[in-house]
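Enquirer:
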Amino acid sequence: MSIWFLLAQPFAQHALVAAALVAVTCGLIAPLVVIRGMSFAVHGTAELAFTGAAAGLLIANNPVAGALAGSLVVAVLIATLGASPRERDSAIGAILAFGMGIGVLLLGFYQGFATAATNILFGNIFGVSGSQLLILVVINLLVAAVMATWYRPLLFASVDPEVAEARGVPVGRLSLLFLIVLALTVTGAAQVVGTLLVLSLAITPAAAAQRLSANPLVVTALSVVFAVVAADGGLLASFGAVNIKASVFITSISFAIYLAARLAGPLLRDRRQRRRRTRQVQPADGGTKVLR
Amino acid sequence: MTGNAVTLRGATLRFGQHVIWEDLDLDIAPGECLAVLGPNGAGKTTLLKVLLGLLPLSAGTVTIDGRAPHRGSAQTGYVPQQRDFDRDLPVRGRDLVQFGVDGHRRGLPFTRSRQVDAVIAAVGAQDYADAPVGLLSGGQQQRLRIAQALAGQPRLLLGDEPLLSLDPASQESVIALLDAYRREHGTTVVMVTHEIPPAAGFFDRVLYVAAGRWAAGTPDEVMTGQRLSALYGTHIDVIRVHDRVIVVGGEGAAGHHHLPAGDHGRHAGHESAGFPPDGQERR
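One line per chain: the protein sequences are C and R, in this order.
The first sequence begins at 1 in my numbering and counts up one residue at a time.
The second sequence begins at 1001 in my numbering and counts up one residue at a time.
1) Report the three-state DSSP secondary structure of MET1001(R) (helix, strand or coil).
2) For the segment 156-178 of chain C, list every residue whose C-beta sits within 8 Å of some C-beta in chain R, in sequence order.
3) Run through the segment 1184-1247 of chain R for me and flag every whole beta strand (DSSP E) of 3 or more residues, listed as ranges in chain order.
4) Just verifying my parser: in three-state terms, what is the DSSP assignment at GLY1124(R)?
5) Quick one: measure Cβ to Cβ for THR1046(R) and LEU1055(R), integer angstroms, because I've assumed they're closer than 8 Å.
6) Just tell me which of VAL1097(R), VAL1247(R), ASP1025(R) and ARG1155(R) has its CA closest to the CA of SER1073(R).
7) Report the neighbours of VAL1116(R) on chain C: residues whose CB is nearer than 9 Å to its CB, in chain order.
8) Secondary structure at PRO1132(R), three-state DSSP: helix, strand or coil?
9) Whose Cβ in chain R lies nearer than 9 Å to the Cβ of ASN215(C)?
10) Which runs of the beta strand (DSSP E) spanning at least 3 residues fall entirely within the segment 1030-1058 of chain R, listed in chain order?
11) Any heavy atom of the ligand COA closer than 7 Å to the Cβ of VAL1222(R)?
12) Can you find a CB in chain C that lies within less than 8 Å of the CB of LEU1054(R)?
13) Using a beta-carbon distance below 8 Å, is VAL186(C) in contact with chain R?
14) Check whether the segment 47-58 of chain C touches the segment 152-172 of chain C, taking contact to mean three or more Cβ pairs, one atom from each stretch, closer than 8 Å.
15) Just to confirm the assignment: which complete beta strand (DSSP E) runs, minimum length 3, are found wholly within the segment 1057-1105 of chain R?
16) Here's the rule: buried if 16 or more other CB atoms are within 10 angstroms of the residue's CB, otherwise exposed. What is PHE1202(R)?
17) Can you check DSSP and say which residues form a bridge with ALA1011(R)?
18) One question on the structure: do VAL1036(R) and VAL1238(R) come within less than 8 Å of each other, judged by their Cβ atoms?
19) Considering Cα atoms alone, identify which of LEU58(C), VAL17(C) and ASP270(C) is closest to SER129(C).
20) Beta-carbon separation of ALA19(C) and ILE203(C) under 8 Å?
21) By Cβ distance, which residues of its chain are closer than 6 Å to VAL1006(R), with the 5 residues on each side in sequence left out?
22) Evaluate ASP270(C) with the Cβ neighbour count: other Cβ atoms within 10 Å of its Cβ, from every protein chain shown; 16 or more gives buried, anything less gives exposed.
23) For GLU165(C), does the count of other Cβ atoms within 10 angstroms reach 16, so buried, or fall short, so exposed?
24) Between the alpha carbons of PRO85(C) and VAL242(C), how many angstroms are there, rounded?
25) Check for me: the beta strand (DSSP E) holding GLY194(C) runs from which residue to which?
26) Excluding sequence positions up to five away, which residues of its chain have a Cβ less than 7 Å from the Cβ of GLY103(C)?
27) Do the segment 36-45 of chain C and the segment 242-259 of chain C meet, that is, are 3 or more Cβ pairs less than 8 Å apart?
28) Identify the residues that DSSP records as bridge partners of ASP1179(R): which are they?
29) Quick check: the Cα distance between GLY1093(R) and ILE1146(R), rounded to an integer number of angstroms?
30) Rounded to whole angstroms, what's the CA-CA distance from GLU1122(R) to SER1173(R)? Just pull it up for me.
31) For the beta strand (DSSP E) containing GLY240(C), name the first residue and the last one.
32) Using 8 Å as the cut-off, can you tell me whether the segment 1082-1100 of chain R makes contact with the segment 1129-1139 of chain R, which would need three or more C-beta pairs spanning the two stretches below that distance?
33) Within the 8 Å Cβ cut-off, does ARG1071(R) reach chain C?
34) Would VAL1245(R) be called buried (16 or more neighbouring beta carbons within 10 Å of its own) or exposed?
35) Starting from the C-beta of LEU1057(R), find all residues in its chain whose C-beta is less than 7 Å away, skip the five residues before and the five after it, and write them out in chain order.
36) What's the C-alpha gap between ARG332(C) and LEU212(C)?
So, in C-alpha cells, the structure goes:
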C-alpha cells in the first residue's frame, strides 16, 4: 500500500484532520497549563475522561459523550476542592484514584469489543467517524473562541494572580473557565492519542517551546506548531508501520522535539544574554546586578 | 473634607468577631505619601484591599477622589511584594508591564503600545525589559512592577511591601524612583512597609496599626516609645540608629517582626488606648 493510496482514503483523511484539530487546541492551551503548573490536572482530567468514556460506552455505546461529561465533572470538582496549588494536587490525586477504580469496574461490565477499552486508553485515530469529527470541530471552535477572548486576562491571572486580582481580573472565575477549556481539550485529545497519552500533546509542546523563547505569544505559536507536527507527523509515520499504533509515533516525535528544545534552549539563551550585556553601557539597577 | 485623595470615616473591618481595626478616620491629601506600618496580621494588606475595592468595610465609609473604590479602577495602581518567578517562565519584563496597560482587558493579545516603551524608559528598565522575568534581580523586577503600576497613569499608587527582600542599594534606588515620579505627577502613595526606609523625607505621614488600634501622624510623632506602647498595650522601645528607626517589643523580644501582636479581641476596646488628645487618632 502506498502512502498516496492511504491518503486518498476517507478514514486517513478524517484521521489527519482530527489530529490537526486536536493538536491546535492542545498547543493553544499548553503554555497556560505549564505556567499554571497544572500538568497533574491534565493527567487527572484525562484519566477521569477514561472513567466517563467507560460509562458512556456501557450506558449509551458513546464513549466520546461519556468522556466529555466525565472530564467536565472533574473540572468542576478540581475547581471547588482545590483552592491552593498544593491542595489542588492532593484533591486531584484523591479524585483520580477513585475515578479510575470506578472506570475499571464499569469496563468489567462492558460486554462489547475488548478493543473499545484499549482505544479509550491509547487512542484510535483511525476510528474517527464523521460525527466525532464534528464534535472535535465544535470543541476546537469553543476553545479557540475562549482563548481569543480571554487569553490576556488568563495569562495575567496565571503569571501574577495577586496583581491581576488588584487590577480587577476575576481570577477565581477564570480558573474555573480554564479548567472547563482544559476538560474539553483533553476529551478531544483522548480520541486521538488516548487518555493515557494526552500529556504528550497538552504539555510537552509548551514545555519545549518555553525553552526557546520568553515571549508568551511566540511560545504559544511554537507550541501549536510542535503539537501539529507531532500529531500529524506521527500519524503519517504510522501509515508506514501498520502494526504500530499512531500514538507511539506521536508521543515519540513530541518527546524528540522536547529533547531538541532542551538542548538548544540554553545555547539560545546564552547568546541572547551576551547580546543584551554588550548593549548595556552601565547597569541601571543600583550598579550591582545586571543579570543573575 | 472635599478634595481628599482618600477619606476614611469610622472605617471598621471585622472578620466574624475578630476586629482587624475599627473607627479609622483618615484623610490623605492628593500627592501625599503615607506609610502603613504594623505587625503581621494587623490588617495592613487588608486596608489596601479595601482601597482596591476588593473588600467591603464592615462599618464606616471609604472614598477615593470622592467616590467609593471599585475593583479594577484605572485610577489606582498596585505594586506587590517582590516574588520569585520560575526561571523558565515564558514572560518578559515587557509583558509584565503590558499587563498594567491591558492585562485585564479581553480581546486578541496582539498589541504593542508605545505607552509600555515610555514607562519602561521612565523607570530606566530598557536594558532588561526583554529578558525573562525569572532571570531578573529583585530590584530589576520591582522597577518593572512600578512601571506596570504606572502604565495606567494612576492618581493613587498602592504598594504592599514593594521593598521587602531587596538589598539596601536596590531599596534606595526604588524609593528614589517612586519619590521622583510622585513629586512630578502629584501621585498619592499609600505603601505598606515593615520599616521606614532610611531615605528620610519620602513618607509624609505614618499610619501605624496594631492590636485593632491605630495612630497617624508624621513619622516623628508616631514612631515614639510612648505612642507605640499605648498602641500595643505593652512596653515598646523605639530606637534611632543614624537615620533608621527600630521598634523593639517588650519582654526581651527584639526585632520588628517579633512584636507581640496582642490579642485583638481583648485590646480592641476604646478605653485602653490613652493617647494624647492632639493629632489624628482614636482617643
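Where a beta carbon is used, it is the ideal one built from N, C-alpha and C, also for glycine.
Expert: According to the structure shown:
1) Here residue 1001(R) refers to the residue found at position 1 when the second sequence is read from its first residue. Low confidence applies here, because MET1001(R) scores a pLDDT of 46, under 50, leaving its location unreliable and the question unanswered by this model.
2) Flagged, chain order: PHE156, VAL159, ASP160, GLU162, VAL163, ALA164, GLU165, ALA166, ARG167, GLY168 and VAL169.
3) Runs found: 1188-1192, 1205-1210, 1213-1217 and 1237-1241.
4) Taking the second sequence and counting its residues from 1, one reaches residue 1124(R) at position 124. GLY1124(R): coil per DSSP, three-state reduction.
5) Your numbering for residue 1046(R) matches position 46 in the second sequence. Your numbering for residue 1055(R) matches position 55 in the second sequence. Rounded, the Cβ-Cβ distance is 7 Å, consistent with contact.
6) Counting from one through the second sequence, the residue named residue 1073(R) turns up at place 73. When only C-alpha atoms are compared, the closest one is ARG1155(R).
7) Mapped onto the second sequence, residue 1116(R) falls at position 116. When 9 Å is used as the limit between beta carbons, VAL1116(R) is near no residue of chain C, the shortest such separation being about 14 Å.
8) Position 132 of the second sequence, counting from 1, holds the residue named residue 1132(R). PRO1132(R) carries a strand assignment under DSSP once its states are collapsed to helix, strand and coil.
9) The count along the first sequence starts at 1 and reaches residue 215(C) at position 215. Here the neighbours are PRO1090, VAL1091, ARG1092, ARG1094, ASP1095 and ASP1130.
10) You should have 1033-1037.
11) The ligand COA is absent from the structure shown, which contains no ligands of any kind.
12) Within the second sequence, numbered from 1, the residue matching residue 1054(R) stands at position 54. Among the CB atoms of chain C, one or more fall inside 8 Å of the CB of LEU1054(R).
13) In the first sequence, counting from the first residue as 1, residue 186(C) sits at position 186. Interface residue (Cβ-Cβ distance to chain R less than 8 Å): VAL186(C) is not classified as such.
14) Judged by Cβ distances under 8 Å, the segment 47-58 of chain C makes no contact with the segment 152-172 of chain C, as fewer than three pairs qualify.
15) DSSP assignment within the segment 1057-1105 of chain R yields the following whole beta strand (DSSP E) runs of 3 residues or more, N-terminal first: 1059-1064 and 1076-1079.
16) Residue mapping note: residue 1202(R) aligns to position 202 of the second sequence, counting from 1. By the 10 Å Cβ count, PHE1202(R) comes out buried.
17) Reading the second sequence from its first residue, position 11 is the one you call residue 1011(R). Answer is LEU1024(R).
18) If you number the second sequence from 1, residue 1036(R) lands on position 36. If you number the second sequence from 1, residue 1238(R) lands on position 238. With respect to the 8 Å criterion, VAL1036(R) and VAL1238(R) are not classified as neighbours on the basis of their beta carbons.
19) For the purposes of this step, residue 129(C) is taken as residue 129 along the first sequence, with counting starting at 1. The shortest C-alpha separation from SER129(C) is found at VAL17(C).
20) If you number the first sequence from 1, residue 19(C) lands on position 19. If you number the first sequence from 1, residue 203(C) lands on position 203. No. Outside cutoff.
21) Counting from 1 along the second sequence, the entry for residue 1006(R) is found at position 6. Closer than 6 Å at the Cβ level, and outside the excluded window around VAL1006(R), lie ILE1028 and ILE1064.
22) Sequence index remark: in the first sequence, residue 270(C) carries index 270 (1-based). In the assembly as shown, ASP270(C) is an exposed residue. Its beta-carbon has fewer than 16 other beta-carbons within 10 Å.
23) As a working mapping, residue 165(C) is identified with position 165 in the first sequence. With 16 or more other Cβ atoms within 10 Å, it is buried.
24) Residue mapping note: residue 85(C) aligns to position 85 of the first sequence, counting from 1. Residue mapping note: residue 242(C) aligns to position 242 of the first sequence, counting from 1. If you draw a straight line from the Cα of PRO85(C) to the Cα of VAL242(C), it is about 43 Å long.
25) Residue numbering aside, residue 194(C) sits at position 194 when the first sequence is read from its first letter. Where GLY194(C) is concerned, there is no enclosing beta strand (DSSP E), given that its DSSP letter is neither H nor E.
26) Counted from its first residue, the first sequence places residue 103(C) at position 103. Closer than 7 Å at the Cβ level, and outside the excluded window around GLY103(C), lie PHE50, THR51 and ALA54.
27) Contact between the segment 36-45 of chain C and the segment 242-259 of chain C is absent, because fewer than three Cβ pairs lie under 8 Å.
28) In the second sequence, the residue the question calls residue 1179(R) occupies position 179. Per DSSP, none; premise fails for ASP1179(R).
29) Working through the second sequence from its first residue, we reach residue 1093(R) at position 93. Working through the second sequence from its first residue, we reach residue 1146(R) at position 146. C-alpha separation (whole angstroms): 11 Å.
30) Working through the second sequence from its first residue, we reach residue 1122(R) at position 122. Working through the second sequence from its first residue, we reach residue 1173(R) at position 173. According to the sequence displayed, residue 1122(R) carries Ala and not Glu. When rounded, the distance between both Cα atoms is 13 Å.
31) As a working note, residue 240(C) is residue 240 in the first sequence. Element bounds for GLY240(C): n/a, residue is neither H nor E.
32) These segments touch.
33) To locate residue 1071(R), count along the second sequence from 1; it is residue 71. Chain C, which has a Cβ nearer than 8 Å to the Cβ of ARG1071(R), makes this yes.
34) Start at 1 with the first residue of the second sequence, and residue 1245(R) comes out as number 245. Label assigned to VAL1245(R): buried.
35) As a first step, residue 1057(R) must be located in the second sequence, where it is residue number 57. Hits under 7 Å: ALA1011, THR1012, LEU1013 and VAL1050.
36) Missing from the structure shown is residue 332(C); chain C here goes from 1 to 292 and no further.
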